[in-house]
Structure formats: structure tokens, C-alpha cells
Amino acid sequence: MATLIVSLLLTLLAHEVLGLSPVRVSHELGPHLSPSALITGANTTAYPRWSEFDAPKPGVVVTVATEHDVAKTVHYCTSNGIPFLAQNGGHGWADTFHLGAEGLLINIKQLNTIDFNDNKTEVTVGGGVEISEVIAAASKNGALVQTGNCNCVGALGAILGGGYGNLIGLMGLGVDNVLLLNVVMADGRLHTITPKDGDLWWAMLGAGPNFGIVTSAKLKALPVSPSGQTAWFGQLIYTADKVEAVVEAIDKITLEPKMNLFLYYLNSGSPDYTPMLVITPFYYGTEAEGRAAFATFLDLGPAEDTTIELQYPHWNDAAAGFCTKGGYKPAYTVGLARMNPSTWKEVWDEYASYIVQNGTGGSLILMEAYSLKKARSIPESSTTFALRNNVNFNAVVIPWYYDTSLRSGAEAFGSKIRDLWRSTDELDSPATYINFAHGDEDLTTIFGANVDRLRAIKARVDPGDVFNQWFNL
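Note that the sequence shown covers residues -19 to -1, 1 to 454 in mature numbering (1 follows the signal peptide of the UniProt record, and there is no 0).
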């Protein structure tokens, strides 16, 4: 008996001294994982975040190798009261994370399989796959898949928030293209979720991280011929005096299914940091077709035109700069029904003043606009995504800095720009895309009228609220 008591005391003492350590987790969880799984200490070099602003700082990282490893790890965490978070690309930038040294990061990067069916109408994507990997595989298989527009972002994470992307006009939102989800839920078990699961299926499509970790998903794919992988894309750069004219043209244009359009406020970099007005028109088709579709913007007389035809694997090349990890990027976002030229001119002036401050030159402003006819042909009640029918444009300001002393100024600038946009958003109530949100928004701004229903589902399937790191309900 004395030996048993001493053993128990030593075990408790070890836990107290070590806290949540790789040694402890390796001893307790390691034997239950597959041979290729890895348990390490947290290392920001090995597991970097896109933004260090209020980023999670776990004590231990478990790099899983199988979907069942995820289930075993979640069960271990919930059984021991250990907070946890799943990570693939590490691009979630909201300040809702609160994972510290007592917490565990589940790195799902090795869940990276991509499998198409024989007729290329469906693809099963692992939870650790990046957007670039989906596009590369789709191109080789003669198919298109609706993904986000930044190659290094986790493919399924982007989709679960709603899923804007180049093909939305042809295929609908990302959530409209999901056929099946494999999810590890709060009970530490792997579940297959389909439309037959009713309200849980609905909840996963737009609020998925509140209910589990998606380890793989079956998505729709669109078979195409080799000529069906061509798009016209590039930059049209305008002088500063064209701000209001460009914004007015964006507000008035009707984007057809093969079109989308981004607006950027960028700058020339050191030493002058001269602000630059840029749009990136996208047309799924040939250059001649694209130029005809976007003639209004060409007629405005851009100072520079870099648009060319690109093949599918290169459609996202222009966003490569967004794959730079590290630094602090407290983004602020607003959904808009209309583009107000005078508001955007005021935003331009604020941006020009901000970027001349030492250390802020990486900051940028972005607006995304898509053809939404296809997405709006699908009932809003089919998913949790609440922006389907009221938001026409998503505007984002990203103060980007490396010196922590610039934090308060960055937050003040971001908040001010968000307030300017909201003042003329022409919506009945504020609306923000969850994948772009800052984290301080009211949940109704993210989920609309769905909050109460989501909370009821959450109480049923995750009563202990173990999935609580991303816009927790």
C-alpha cells in the first residue's frame, strides 16, 4: 500500500512540475497514436501562424498522422481537461484564440490526401490539405474545385466559414459544394456527417469549428476540358485621382458568373510608401472575353495593365504575398451592400496617412466582389452562412507591423476604417464574414439570426464547450 501511495504521489508531483509537457503527453497519449504521429513542444518556427497578433501559444503540439489520431487526441484532452485547438494552415487571424501553455495544438498537416472519383465529379480532401494542393490535383485530374484564393490557406477551413472563391459564380459558395464531412466531435469519436443529419449538417456549414474537427470532406468537382482551365487575370493600376471613379464603377458593374473583382490599396514600399490603387479583374475564359467584360475599367485608363491569360494552377499566384507568415496583422472587416465612392476616398486618405509611419508600410486594404447569382439561387436556410443574400462586397483592412509598440496605433487605424465602412454599408444590421473577422464582433454580426439555433445545437453535441477557440457560441 505504501508503495502504491508513493507512486501516486510521484505521478501527481510529476504532473505538477511538468504541467502540460511533451514528456507527459508522450507518456499518456503516445501509446494510443499511430507510429507516424509526433508529440513535440510548441515551436513558432515549426508551427508558425500567419499573424502573431493574439495568436495561440500552446505548450504541446501533437502532429497527427490519421483521422483516428485526431479522435484519440481529442478524447485525451477532454478526459484530462486540456484545452486544445486544431491547426492546418495557421491563417485564422481573429483574436478569439485563448490557448496558452496549458493547451495542446493538434497539427493536422499530415491529413493531406486528395482523391477524385472516376468521373471527376467528386473529390475527398483531407483536413490538412492546402488550397494550392487541391488546385494542383484538380488540374491534373481535369477538374475544377471551388476553393479560396490564397494558396497556403487550409482548404477545408476556408470552406467551413462560407467559402468565397474564383468559381463561386459557376459553383456557388464553398459550403454549397460539400457532400460529406468526417468530423471528430466532443465525444472523442469520428463521425460522418451528411445532409441526413439535419441541423448538425446545417450548423457545420458556416460554424463548423464550434462543433468538431473536420478530418476530411467530400466535395463537388466540375470536370472540364484542357481549355476549361484558362482565366484572364492581373493588375490594373490607377493614379490616385481615379479612386472615386473606380469605386463607382465597381458599385455599378454587374458581375456575371465567370467574373470576380478585387480592389486593393497598396503602396510602393520603401522609401516613399506611395499609395497605389489596384484592381484585379478575373474572368474565367480568354483575354478577349475578359477585356470585353471589364471594358468599363479599361476605359478608365489604368496607368499600368499586367493582365494575362493564366492556367488554373496559377490563378492564385498574385496572392502569394499573403502567404508571408509572422508579424502582427489585426485585420478588421465589413460586409457591404454598396460601394460608396466618398467613403472609399476618405479611407484612401486615412491609408495614405497611416503607411508613412515607420514600420506600417506592409499594411493594405482589400475588397472582394463576386458574381452571387448562383450562390443566391440556393436557399439561405440550407447552411449557417448568413451573408448570402445581403452582402455584395467584403472589405478588409490589415494593419501589418512587426514592432509591438505599434499595436495601439494599428488597432485604432483598423477600427477607424471599419467604422467608416459601416457608416455607409447600406445594410439593415452589420454583417461580417467569419473568415475575415477581427474577433470583437457581436455573434449576430457573424451568424445573423442563426445564433440561438446554433447555441441549442452546441449545447446538445458539445455540452462541455470543448470547441471554444473560434467565435465560440
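Backbone N, C-alpha and C fix where the C-beta goes; we use that ideal spot for every residue, glycine too.
First through last residue of the alpha helix (DSSP H) which encompasses W402: In this chain, the alpha helix (DSSP H) harbouring W402 covers 388 to 404.
Three-state secondary structure (DSSP) of S(-13): Because S(-13) carries a pLDDT of 45, less than 50, the predicted location of this residue cannot be relied on, and no value is offered for it.
Burial state of K233, where buried means 16 or more other Cβ atoms lie within 10 Å: The residue is exposed, with fewer than 16 neighbouring Cβ atoms inside 10 Å.
Three-state secondary structure assigned by DSSP to S197: For S197, the three-state secondary structure derived from DSSP is strand.
Contact check, G150 vs K239, beta carbons under 8 Å: Cβ distance < 8 Å, so G150 and K239 count as in contact.
Between the CA atoms of H13 and V377 - distance to the nearest angstrom: If you draw a straight line from the Cα of V377 to the Cα of H13, it is about 43 Å long.
Closest by C-alpha distance to G40, when choosing among G11, L148, M166, G(-1): Nearest C-alpha to G40: G(-1).
Proximal residues to G81 (C-beta, below 7 Å), its chain only, five neighbours per side dropped: Excluding sequence positions up to five before and after G81, its CB lies within less than 7 Å of the CB of K38, all in the same chain and listed in chain order.
Where N158 falls, given that 16 or more other Cβ within 10 Å makes a residue buried: So N158 ends up on the buried side.
Nearest residue (CA-CA) to V45, options P207, N61, S17, A318: Comparing Cα-Cα distances from V45 to each of P207, N61, S17, A318, the minimum goes to S17.
Neighbourhood of R436 by C-beta distance below 7 Å, restricted to the same chain and skipping five residues each side: The residues are L454.
Cα-Cα separation, L387 to A440: Using only the alpha carbons, I get a separation of about 40 Å.
Same chain, Cβ closer than 8 Å to S2, neighbours up to 5 away in sequence not counted: Contacts found: G22, G40, V41.
Contained alpha helix (DSSP H) runs [length at least 4] in the stretch 67 to 106, N- to C-terminal order: Within the stretch 67 to 106, no complete alpha helix (DSSP H) run reaches 4 residues.
Rounded straight-line distance, which links the Cα of A274 to that of E237: Taking the straight line from one Cα to the other gives about 9 Å.
Closest by C-alpha distance to Y351, when choosing among V110, G71, G144: Per the Cα distances, G144.
Y414, buried or exposed, once every other Cβ within 10 Å from all chains shown has been counted against 16: Under this definition Y414 is a buried residue.
Sub-8 Å separation of M152 and L86 beta-carbons: Contact flag unset, no.
Residues sharing a beta bridge with T211, DSSP: Per DSSP, Q292.
For M(-19), three-class secondary structure by DSSP: For M(-19), the pLDDT reaches just 46, beneath the cut-off of 50, and the residue's location in the model is therefore unreliable, although a value from the coordinates is still provided. Residue state, collapsed to three classes: coil.
Alpha carbon of N321 to alpha carbon of P176, nearest angstrom: Going from the Cα of N321 to the Cα of P176 covers about 40 Å.
Burial state of L(-11), where buried means 16 or more other Cβ atoms lie within 10 Å: Here the model assigns L(-11) a pLDDT of 39, short of 50, so the residue's position is not dependable, and the following value carries that caveat. With fewer than 16 other Cβ atoms from the protein chains shown falling within 10 Å of its own Cβ, L(-11) counts as exposed.
Separation of T54 from H8, as counted between CA atoms: When rounded, the distance between both Cα atoms is 13 Å.
Extent of the continuous beta strand (DSSP E) to which F263 belongs: Taken as a continuous stretch (DSSP letters only), the beta strand (DSSP E) holding F263 covers 256 to 264.
Contact set for L148: own chain, Cβ-Cβ below 7 Å, skip 5 residues either direction: Contacts found: L125, Q127.
Proximity of G135 and N69 at Cβ, strictly below 8 Å: In this structure, G135 lies near N69, with their beta-carbon atoms less than 8 Å apart.
C-beta contact flag for V259 and W329 at 8 Å: In this structure, V259 lies away from W329, with their beta-carbon atoms at least 8 Å apart.
For T47 and K199, believed in contact at Cβ under 8 Å, the rounded distance: Rounded to the nearest angstrom, the Cβ distance from K199 to T47 is 18 Å, too far for a contact under 8 Å.
Which residues DSSP lists as bridging V43, in chain order: V43 is bridged by DSSP to I20, I87.
Every unbroken alpha helix (DSSP H) inside the stretch 331 to 359 [4 residues or more]: Taking only runs of at least 4 residues, the alpha helix (DSSP H) segments lying wholly in the stretch 331 to 359 are 354 to 357.
Simplified DSSP state of L137, which is helix, strand or coil: In the structure shown, the three-state DSSP call for L137 is helix.
Among G71, A226, I346, the one whose alpha carbon lies nearest that of L281: Looking at the Cα atoms, A226 is the closest of the given residues.
Minimum C-alpha distance to G107 - residue among Q91, Y265, A118, N100: Ranked by Cα distance from G107, the first of Q91, Y265, A118, N100 is Q91.
Coarse secondary structure for T27, derived from DSSP in three states: A small correction: the amino acid at residue 27 is Ala; Thr does not occupy that position in the sequence shown. A27 falls in the coil class under three-state DSSP.
Chain-order list of residues whose beta-carbon lies under 7 Å from that of D384 (same chain, five-residue window excluded): For D384, where only same-chain residues beyond five positions count, the Cβ hits under 7 Å are G340.
Contacts around S404, its chain only, beta-carbon distance under 8 Å, and the 5 residues preceding and following it disregarded: If you ignore the 5 residues before and after S404, its C-beta comes within less than 8 Å of the C-beta of T324, all in its own chain and listed in chain order.
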